[in-house]
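One structure is given below, encoded as C-alpha coordinates.
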(Lines of atoms letter the chains of each structure in order from A and count residues from 1; the text may use other names and numbers.)
(Lines give C-alpha, C1' and ligand atoms only; values in the text may rest on other atoms or scores of the structure.)
Protein backbone atom coordinates (compact mmCIF):
# COMPACT_ATOMS: atom_id res chain seq x y z
CA UNK A 1 0.00 0.00 0.00
CA UNK A 2 1.50 3.31 -1.09
CA UNK A 3 2.05 5.96 1.55
CA UNK A 4 -0.31 8.93 1.30
CA UNK A 5 1.41 12.20 0.42
CA UNK A 6 2.44 14.32 3.39
CA UNK A 7 0.18 17.27 4.15
CA UNK A 8 2.19 20.41 4.75
CA UNK A 9 0.75 23.14 7.01
CA UNK A 10 -0.06 26.54 5.55
CA UNK A 11 -0.56 29.68 7.64
CA UNK A 12 -1.17 31.91 4.64
CA UNK A 13 -4.91 32.22 5.32
CA UNK A 14 -4.26 33.16 8.96
CA UNK A 15 -1.74 35.80 7.94
CA UNK A 16 -3.94 37.37 5.28
CA UNK A 17 -7.08 37.17 7.39
CA UNK A 18 -5.63 39.03 10.37
CA UNK A 19 -3.78 41.68 8.38
CA UNK A 20 -6.69 42.33 6.00
CA UNK A 21 -9.28 42.60 8.79
CA UNK A 22 -7.18 45.07 10.79
CA UNK A 23 -6.32 47.06 7.67
CA UNK A 24 -10.00 47.44 6.74
CA UNK A 25 -10.94 48.31 10.33
CA UNK A 26 -8.24 50.98 10.72
CA UNK A 27 -9.05 52.45 7.31
CA UNK A 28 -12.70 52.69 8.32
CA UNK A 29 -11.86 54.69 11.44
CA UNK A 30 -9.63 57.02 9.42
CA UNK A 31 -12.46 57.65 6.94
CA UNK A 32 -14.79 58.32 9.88
CA UNK A 33 -12.29 60.84 11.31
CA UNK A 34 -11.86 62.69 8.02
CA UNK A 35 -15.57 62.76 7.12
CA UNK A 36 -16.58 63.83 10.63
CA UNK A 37 -14.04 66.64 10.59
CA UNK A 38 -15.09 67.91 7.16
CA UNK A 39 -18.78 67.82 8.12
CA UNK A 40 -17.96 70.03 11.10
CA UNK A 41 -16.01 72.50 8.90
CA UNK A 42 -12.63 71.43 10.28
CA UNK A 43 -9.82 71.80 7.78
CA UNK A 44 -7.41 68.93 7.34
CA UNK A 45 -4.16 69.56 9.20
CA UNK A 46 -0.67 68.14 8.85
CA UNK A 47 -1.46 65.26 11.19
CA UNK A 48 -4.44 64.29 9.00
CA UNK A 49 -2.40 64.23 5.79
CA UNK A 50 0.37 62.20 7.41
CA UNK A 51 -2.17 59.71 8.75
CA UNK A 52 -3.76 59.39 5.31
CA UNK A 53 -0.34 58.67 3.77
CA UNK A 54 0.37 56.02 6.42
CA UNK A 55 -3.00 54.41 5.72
CA UNK A 56 -2.39 54.30 1.97
CA UNK A 57 0.95 52.62 2.62
CA UNK A 58 -0.75 50.15 4.94
CA UNK A 59 -3.27 49.25 2.24
CA UNK A 60 -0.48 48.82 -0.31
CA UNK A 61 1.56 46.65 2.09
CA UNK A 62 -1.49 44.46 2.69
CA UNK A 63 -1.89 43.96 -1.05
CA UNK A 64 1.81 43.11 -1.41
CA UNK A 65 1.37 40.54 1.37
CA UNK A 66 -0.99 38.58 -0.88
CA UNK A 67 1.80 38.28 -3.45
CA UNK A 68 4.38 37.08 -0.91
CA UNK A 69 1.87 34.52 0.40
CA UNK A 70 1.29 33.15 -3.10
CA UNK A 71 5.03 32.58 -3.45
CA UNK A 72 5.55 30.73 -0.18
CA UNK A 73 5.01 32.89 2.90
CA UNK A 74 3.14 30.86 5.48
CA UNK A 75 4.54 27.51 4.26
CA UNK A 76 7.68 25.61 5.18
CA UNK A 77 10.57 26.25 2.84
CA UNK A 78 10.80 22.49 2.16
CA UNK A 79 7.16 22.33 1.09
CA UNK A 80 7.17 20.77 -2.41
CA UNK A 81 4.48 23.25 -3.51
CA UNK A 82 7.11 25.99 -3.38
CA UNK A 83 8.94 26.05 -6.71
CA UNK A 84 12.60 26.75 -6.24
CA UNK A 85 14.28 29.07 -6.97
CA UNK A 86 11.47 31.05 -8.63
CA UNK A 87 9.07 31.22 -5.67
CA UNK A 88 11.84 31.93 -3.17
CA UNK A 89 13.12 34.87 -5.22
CA UNK A 90 9.59 36.25 -5.69
CA UNK A 91 8.83 35.77 -2.00
CA UNK A 92 12.02 37.58 -1.00
CA UNK A 93 11.31 40.45 -3.38
CA UNK A 94 7.72 41.07 -2.24
CA UNK A 95 8.71 40.61 1.41
CA UNK A 96 11.39 43.28 0.96
CA UNK A 97 8.86 45.71 -0.59
CA UNK A 98 6.46 45.03 2.28
CA UNK A 99 9.19 45.74 4.82
CA UNK A 100 10.04 49.06 3.17
CA UNK A 101 6.38 50.12 3.11
CA UNK A 102 5.78 49.05 6.71
CA UNK A 103 8.94 50.80 7.89
CA UNK A 104 8.01 54.12 6.27
CA UNK A 105 4.35 53.85 7.26
CA UNK A 106 5.14 53.33 10.96
CA UNK A 107 7.50 56.33 10.96
CA UNK A 108 4.92 58.55 9.20
CA UNK A 109 2.25 57.32 11.61
CA UNK A 110 4.36 58.43 14.58
CA UNK A 111 5.04 61.77 12.90
CA UNK A 112 1.27 62.19 12.57
CA UNK A 113 0.77 61.45 16.27
CA UNK A 114 3.51 63.94 17.18
CA UNK A 115 1.97 66.63 14.95
CA UNK A 116 -1.38 66.10 16.66
CA UNK A 117 0.10 66.26 20.16
CA UNK A 118 2.05 69.41 19.33
CA UNK A 119 -1.15 71.03 18.07
CA UNK A 120 -2.74 70.44 21.49
CA UNK A 121 -0.11 72.71 23.08
CA UNK A 122 -0.07 70.95 26.43
CA UNK A 123 3.07 72.56 27.88
CA UNK A 124 6.61 73.54 26.87
CA UNK A 125 8.10 70.56 28.70
CA UNK A 126 5.78 68.17 26.92
CA UNK A 127 6.60 69.80 23.56
CA UNK A 128 10.31 69.17 24.19
CA UNK A 129 9.55 65.52 24.96
CA UNK A 130 7.56 65.16 21.73
CA UNK A 131 10.35 66.72 19.65
CA UNK A 132 12.86 64.37 21.31
CA UNK A 133 10.68 61.41 20.35
CA UNK A 134 10.61 62.68 16.75
CA UNK A 135 14.41 62.63 16.66
CA UNK A 136 14.43 59.14 18.17
CA UNK A 137 11.94 57.83 15.63
CA UNK A 138 13.88 59.39 12.76
CA UNK A 139 17.24 57.98 13.85
CA UNK A 140 16.36 54.50 15.12
CA UNK A 141 13.09 53.62 13.40
CA UNK A 142 13.58 55.21 9.99
CA UNK A 143 17.18 55.91 9.00
CA UNK A 144 18.91 52.87 10.53
CA UNK A 145 16.44 50.30 9.14
CA UNK A 146 16.47 52.11 5.77
CA UNK A 147 20.25 51.80 5.66
CA UNK A 148 19.88 48.08 6.21
CA UNK A 149 17.32 47.69 3.41
CA UNK A 150 19.14 49.80 0.81
CA UNK A 151 22.84 49.33 1.62
CA UNK A 152 23.76 46.48 -0.72
CA UNK A 153 25.22 46.67 -4.22
CA UNK A 154 24.18 45.56 -6.73
CA UNK A 155 20.66 46.69 -5.84
CA UNK A 156 19.11 43.22 -6.27
CA UNK A 157 21.34 41.96 -3.48
CA UNK A 158 19.11 43.78 -0.97
CA UNK A 159 16.54 40.98 -1.27
CA UNK A 160 18.32 38.27 -3.30
CA UNK A 161 20.83 36.64 -0.97
CA UNK A 162 22.06 34.38 -3.77
CA UNK A 163 23.82 37.37 -5.30
CA UNK A 164 27.26 38.03 -3.95
CA UNK A 165 27.03 41.71 -3.25
CA UNK A 166 28.64 44.16 -0.89
CA UNK A 167 26.64 45.74 1.94
CA UNK A 168 28.14 48.78 3.64
CA UNK A 169 25.70 48.69 6.55
CA UNK A 170 24.92 45.60 8.60
CA UNK A 171 22.64 45.99 11.58
CA UNK A 172 23.31 43.58 14.41
CA UNK A 173 21.18 42.38 17.28
CA UNK A 174 22.04 45.49 19.28
CA UNK A 175 20.41 47.69 16.66
CA UNK A 176 17.37 45.39 16.55
CA UNK A 177 16.84 45.74 20.29
CA UNK A 178 17.50 49.49 20.13
CA UNK A 179 14.76 49.87 17.51
CA UNK A 180 12.34 47.81 19.57
CA UNK A 181 13.07 49.78 22.75
CA UNK A 182 12.68 53.04 20.82
CA UNK A 183 9.23 51.94 19.61
CA UNK A 184 8.18 50.99 23.11
CA UNK A 185 9.45 54.22 24.69
CA UNK A 186 7.77 56.48 22.13
CA UNK A 187 4.48 54.56 22.42
CA UNK A 188 4.52 54.95 26.20
CA UNK A 189 5.36 58.67 25.95
CA UNK A 190 2.42 59.25 23.61
CA UNK A 191 0.11 57.55 26.11
CA UNK A 192 1.38 58.42 29.58
CA UNK A 193 2.26 62.10 29.11
CA UNK A 194 -1.24 63.25 28.01
CA UNK A 195 -2.87 61.13 30.75
CA UNK A 196 -0.66 62.71 33.43
CA UNK A 197 -1.30 66.17 32.01
CA UNK A 198 -5.06 65.68 32.44
CA UNK A 199 -4.55 65.67 36.22
CA UNK A 200 -3.46 69.31 36.05
CA UNK A 201 -6.56 70.65 34.27
CA UNK A 202 -10.07 71.16 35.59
CA UNK A 203 -12.43 68.93 33.63
CA UNK A 204 -15.44 66.84 34.47
CA UNK A 205 -14.80 63.23 35.43
CA UNK A 206 -16.62 61.96 32.36
CA UNK A 207 -14.49 64.04 30.02
CA UNK A 208 -11.27 63.01 31.76
CA UNK A 209 -12.10 59.31 31.69
CA UNK A 210 -13.20 59.53 28.08
CA UNK A 211 -9.92 61.13 26.97
CA UNK A 212 -7.87 58.81 29.17
CA UNK A 213 -9.54 55.77 27.64
CA UNK A 214 -8.71 56.95 24.12
CA UNK A 215 -5.04 57.60 24.92
CA UNK A 216 -4.63 54.37 26.92
CA UNK A 217 -5.67 52.36 23.88
CA UNK A 218 -2.22 53.24 22.56
CA UNK A 219 -0.80 50.63 24.95
CA UNK A 220 -2.09 48.00 22.52
CA UNK A 221 0.45 49.25 19.98
CA UNK A 222 3.11 48.99 22.69
CA UNK A 223 2.30 45.31 23.17
CA UNK A 224 2.62 44.78 19.42
CA UNK A 225 6.03 46.48 19.46
CA UNK A 226 7.22 44.16 22.25
CA UNK A 227 6.18 40.98 20.43
CA UNK A 228 7.57 42.28 17.15
CA UNK A 229 10.96 42.85 18.77
CA UNK A 230 10.94 39.30 20.17
CA UNK A 231 10.11 37.83 16.76
CA UNK A 232 12.80 39.91 15.03
CA UNK A 233 15.48 38.55 17.32
CA UNK A 234 14.25 34.97 16.84
CA UNK A 235 14.18 35.29 13.06
CA UNK A 236 17.89 36.09 12.85
CA UNK A 237 18.81 32.41 13.35
CA UNK A 238 16.07 30.70 11.33
CA UNK A 239 16.61 28.42 8.34
CA UNK A 240 12.89 28.36 7.53
CA UNK A 241 12.07 32.04 6.94
CA UNK A 242 8.88 31.46 4.94
CA UNK A 243 7.36 29.72 7.98
CA UNK A 244 9.10 31.31 10.97
CA UNK A 245 8.61 34.83 9.62
CA UNK A 246 4.81 34.65 9.75
CA UNK A 247 4.53 35.82 13.36
CA UNK A 248 6.81 38.78 12.68
CA UNK A 249 4.70 39.81 9.67
CA UNK A 250 1.49 39.50 11.70
CA UNK A 251 2.82 41.62 14.56
CA UNK A 252 4.27 44.21 12.17
CA UNK A 253 0.99 44.62 10.28
CA UNK A 254 -0.97 44.65 13.55
CA UNK A 255 1.25 47.35 15.01
CA UNK A 256 0.68 49.60 12.00
CA UNK A 257 -3.07 49.00 11.67
CA UNK A 258 -3.75 49.36 15.39
CA UNK A 259 -1.64 52.51 15.48
CA UNK A 260 -3.65 54.06 12.64
CA UNK A 261 -6.91 53.09 14.33
CA UNK A 262 -5.93 54.60 17.67
CA UNK A 263 -4.48 57.74 16.06
CA UNK A 264 -7.86 58.29 14.38
CA UNK A 265 -9.78 58.32 17.68
CA UNK A 266 -8.89 61.60 19.50
CA UNK A 267 -10.68 63.94 17.02
CA UNK A 268 -13.77 61.75 17.52
CA UNK A 269 -13.82 62.43 21.25
CA UNK A 270 -17.28 63.99 21.17
CA UNK A 271 -18.77 60.89 19.59
CA UNK A 272 -17.10 58.59 22.08
CA UNK A 273 -17.95 60.91 24.95
CA UNK A 274 -21.62 60.44 24.13
CA UNK A 275 -21.19 56.68 23.93
CA UNK A 276 -19.21 56.69 27.18
CA UNK A 277 -21.95 58.60 28.99
CA UNK A 278 -24.46 55.85 28.14
CA UNK A 279 -22.14 53.03 29.24
CA UNK A 280 -20.77 54.42 32.54
CA UNK A 281 -23.24 55.61 35.21
CA UNK A 282 -23.35 59.38 35.62
CA UNK A 283 -23.09 59.00 39.42
CA UNK A 284 -19.57 57.63 38.95
CA UNK A 285 -18.47 60.27 36.48
CA UNK A 286 -19.78 63.42 38.17
CA UNK A 287 -20.13 64.86 41.64
CA UNK A 288 -22.77 67.32 42.77
CA UNK A 289 -22.81 69.25 46.03
CA UNK A 290 -25.79 71.00 47.52
CA UNK A 291 -25.00 74.55 48.67
CA UNK A 292 -25.14 74.89 52.40
CA UNK A 293 -25.34 71.14 53.02
CA UNK A 294 -23.80 70.03 56.27
CA UNK A 295 -23.97 73.58 57.74
CA UNK A 296 -26.28 75.34 60.22
CA UNK A 297 -29.85 75.41 58.89
CA UNK A 298 -30.61 79.03 58.07
CA UNK A 299 -33.15 78.44 55.28
CA UNK A 300 -30.44 79.70 52.91
CA UNK A 301 -31.41 79.81 49.25
CA UNK A 302 -28.77 80.89 46.73
CA UNK A 303 -28.78 81.29 43.05
CA UNK A 304 -25.96 82.08 40.68
CA UNK A 305 -26.12 83.96 37.42
CA UNK A 306 -22.99 83.63 35.28
CA UNK A 307 -22.33 85.89 32.36
CA UNK A 308 -19.21 85.69 30.16
CA UNK A 309 -17.51 88.99 29.44
CA UNK A 310 -15.79 89.41 26.06
CA UNK A 311 -16.64 87.39 22.97
CA UNK A 312 -20.27 86.45 22.66
CA UNK A 313 -22.01 83.60 20.93
CA UNK A 314 -21.77 79.84 21.20
CA UNK A 315 -18.31 78.52 20.44
CA UNK A 316 -18.18 75.04 18.91
CA UNK A 317 -14.69 73.64 18.73
CA UNK A 318 -15.70 71.37 15.86
CA UNK A 319 -13.24 68.90 17.36
CA UNK A 320 -10.22 71.04 16.57
CA UNK A 321 -6.88 69.85 17.89
CA UNK A 322 -6.43 72.95 20.02
CA UNK A 323 -9.74 72.38 21.80
CA UNK A 324 -9.72 68.65 22.50
CA UNK A 325 -9.50 69.63 26.16
CA UNK A 326 -12.49 71.83 27.02
CA UNK A 327 -11.60 75.11 28.69
CA UNK A 328 -11.93 75.32 32.41
CA UNK A 329 -12.74 79.02 32.61
CA UNK A 330 -15.69 79.42 30.36
CA UNK A 331 -16.67 78.19 26.97
CA UNK A 332 -14.66 80.75 25.05
CA UNK A 333 -11.80 81.53 27.39
CA UNK A 334 -13.26 84.96 28.32
CA UNK A 335 -13.48 86.58 31.77
CA UNK A 336 -16.42 85.31 33.80
CA UNK A 337 -18.42 87.48 36.23
CA UNK A 338 -20.57 85.79 38.84
CA UNK A 339 -23.41 87.63 40.60
CA UNK A 340 -24.95 85.92 43.61
CA UNK A 341 -28.42 86.78 44.97
CA UNK A 342 -29.31 85.41 48.39
CA UNK A 343 -32.56 85.27 50.29
CA UNK A 344 -31.99 84.81 54.01
CA UNK A 345 -34.52 84.58 56.81
CA UNK A 346 -33.23 84.52 60.38
CA UNK A 347 -35.21 84.57 63.60
CA UNK A 348 -33.14 85.65 66.53
CA UNK A 349 -34.53 86.92 69.90
CA UNK A 350 -37.94 87.71 68.46
CA UNK A 351 -36.52 89.89 65.70
CA UNK A 352 -37.51 88.95 62.18
CA UNK A 353 -35.72 90.26 59.09
CA UNK A 354 -37.93 90.44 56.02
CA UNK A 355 -36.83 88.14 53.20
CA UNK A 356 -38.16 90.59 50.61
CA UNK A 357 -36.03 93.40 52.01
CA UNK A 358 -32.90 91.28 52.03
CA UNK A 359 -33.58 90.12 48.48
CA UNK A 360 -34.04 93.69 47.36
CA UNK A 361 -30.81 94.86 48.90
CA UNK A 362 -28.73 92.11 47.32
CA UNK A 363 -30.56 92.51 44.04
CA UNK A 364 -29.60 96.20 43.82
CA UNK A 365 -25.98 95.39 44.62
CA UNK A 366 -25.94 92.70 41.95
CA UNK A 367 -27.34 95.05 39.32
CA UNK A 368 -24.82 97.71 40.21
CA UNK A 369 -21.77 95.56 39.56
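Residue numbers (the numbering used here): -8 to 360.
We put the CB at the ideal spot given by N, CA and C, even for glycine.
- For residue 218, the uninterrupted alpha helix (DSSP H) run begins and ends at 210 to 226, by DSSP.
- Taken through DSSP and simplified to helix, strand or coil, residue 1 comes out as strand.
- By the CB criterion at 8 Å, residue 41 and residue 103 fall inside the cutoff.
- Per DSSP, the continuous alpha helix (DSSP H) segment holding residue 106 begins and ends at 77 to 111.
- Less than 8 Å separates the beta-carbon of residue 36 from that of residue 110.
- Between residue 179 and residue 17 the beta-carbon gap is near 21 Å, outside 8 Å, which marks them as no contact.
- Between residue 131 and residue 96 a beta carbon distance of about 16 Å is seen, past the 8 Å cut, so the two are scored as non-contacting.
- Between residue 31 and residue 258, the alpha-carbon positions lie close to 11 Å from each other.
- Nearest Cα to residue -1 within the set 65, 220, 43, 80: 65.
- Here residue 77 is exposed. Its C-beta has fewer than 16 other C-beta atoms within 10 Å.
- Look at residue 229 here: in three-state DSSP terms it is coil, with no helix or strand label.
- In this model, residue 117 and residue 172 are separated by some 20 Å (Cα to Cα).
- Judged by DSSP secondary structure, residue 142 falls outside any alpha helix (DSSP H); it is assigned neither H nor E.
- Ranked by Cα distance from residue 45, the options 28, 249, 67, 260 are led by 249.
- When only Cα atoms are considered, residue 188 and residue 11 end up about 36 Å apart.
- With the rule of 3 Cβ pairs closer than 8 Å, the stretch 222 to 237 counts as touching the stretch 55 to 70.
- In the three-state reduction of the DSSP assignment, residue 66 falls in the strand class.
- In this chain, residue 73 is not harboured by any alpha helix (DSSP H), its DSSP state being neither H nor E.
- Take the alpha-carbon of residue 94 and the one of residue 220: they are about 14 Å apart.
- Between residue 120 and residue 184, the beta carbon gap of about 6 Å places them in contact (Cβ cut-off 8 Å).
- At a Cβ-Cβ threshold of 8 Å, residue 144 and residue 157 count as neighbours.
- If you look at residue 196, you'll find it in the alpha helix (DSSP H) that goes 196 to 207.
- Residue 101 sits close to residue 177, with the two beta carbons spaced by under 8 Å.
- Inclusion of residue 6 and residue 214 in the CB contact set at 8 Å is not warranted, their separation being larger than that value.
- Taking the Cα positions, residue 136 is about 40 Å away from residue 198.
- When the Cα atoms are used, residue 161 and residue 138 turn out to be separated by approximately 8 Å.
- Here DSSP, grouped into helix, strand and coil, assigns residue 30 to helix.
- Counting only residues of its own chain and dropping the five nearest sequence neighbours on each side, residue 38 has a CB closer than 6 Å to the CB of 103, 106, 107.
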